[in-house]
Amino acid sequence: MTTDPMRRLVLVRHSKASHDAVTDLERPLTSKGAALAGLLAKELRKRLESTDLLVVSPAARARETARPLRDRLEPADTVVREEIYNLGPNGILQVLAEEGGDASTVVVVGHEPTISVLAHILHDTDDDLASQISFGVPTATAVVIDVPCRWAELEPKSARIREIFTARKRD
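Per UniProt numbering, the very first residue in the sequence shown carries number 1; after that it's consecutive.
Below you can see the structure in the form of structure tokens.
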């Protein structure tokens, strides 16, 4: 496994979505969800030096969550990939292997339980962060993961969660 350079993977669960749609793919963000997506984008901008690639599920709620992320983070490239919606954690790993290339920072906007399952699989330590994600990732939340290998070399326990943060206010 290659150890240089350190990469960063940010797994984002889409923001709060409406249940009023004909299909699951068409579910839009609520007005609160749109506001939270903007807050999450603002917070990510503070935490990330740059973003090379933004990968987005084709679901309306994910694309709407990605809009302010794209505006704030200004990634070099943005792609919408069905695998993020349809194929679970393996779908994200497949897309990272295919699209990641030399990217240092990749942000993926997707869904539960895929986001928490993938983060748990990749995390190399049984700690408080592992416990947090084992309960699932709330909407409008980002899981920031340090990746010490090439995207195509990601495998279980090969990365480390750096932090988890949300745009939601704590009650």
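Even for Gly, the Cβ is constructed at its ideal location relative to N, Cα and C.
Asked                                                                                                                                                               : Found
Any beta-carbon of chain B closer than 8 angstroms to the one on R47?                                                                                               : As a matter of chain content, chain B is missing from the structure shown, which is built from one protein chain.
Alpha carbon to alpha carbon, how far is V147 from T2? Give it in angstroms, no decimals.                                                                           : Its pLDDT being 46, under 50, T2 is placed unreliably by the model, and the measurement read from it follows with that caveat. So the two alpha carbons sit approximately 10 angstroms from each other.
If you follow the alpha helix (DSSP H) that A130 is part of, which residue opens it and which one closes it?                                                        : D128 to S134
Please give the ranges of any beta strand (DSSP E) in the segment 17-99, keeping only runs that are unbroken, at least 3 residues long and fully inside the region. : 53-56 and 77-80
Could you have a look at H14 and say whether DSSP puts it in helix, strand or coil?                                                                                 : coil
Would you say the segment 8-18 touches the segment 103-119, given that touching needs at least three Cβ pairs under 8 angstroms?                                    : yes
Given 8 angstroms as the limit, is there contact between the segment 40-49 and the segment 87-101, that is, 3 or more CB pairs closer than that?                    : no
Report buried or exposed for P68, applying the criterion of at least 16 other Cβ atoms within 10 angstroms of its Cβ.                                               : buried
A76: buried (16+ other C-beta within 10 angstroms of its C-beta) or exposed?                                                                                        : exposed
If you compare alpha carbons, which of R63, E74 and R70 is closest to E82?                                                                                          : R63
In the DSSP assignment, the alpha helix (DSSP H) including A142 goes from what residue to what residue?                                                             : From DSSP, A142 is part of no alpha helix (DSSP H) but of the beta strand (DSSP E) over T141 to V147.
If I measure Cβ to Cβ from Q132 and keep anything under 8 angstroms in the same chain, skipping five residues before and after, which residues do I get?            : I164
Using the Cα positions of R61 and R45, report the straight-line distance between them to the nearest angstrom.                                                      : 20 angstroms
Taking T114 as part of the beta strand (DSSP E), name the residues at either end of that continuous run.                                                            : No beta strand (DSSP E) holds T114; the alpha helix (DSSP H) holding it covers T114 to L122.
Measuring only the C-alpha atoms, how far is I145 from L122?                                                                                                        : 9 angstroms
Please identify the residue among M6, K16 and E74 whose C-alpha is closest to the C-alpha of V137.                                                                  : K16
So the candidates are A119, F135, T141 and K32; which of them puts its Cα closest to the Cα of P156?                                                                : A119
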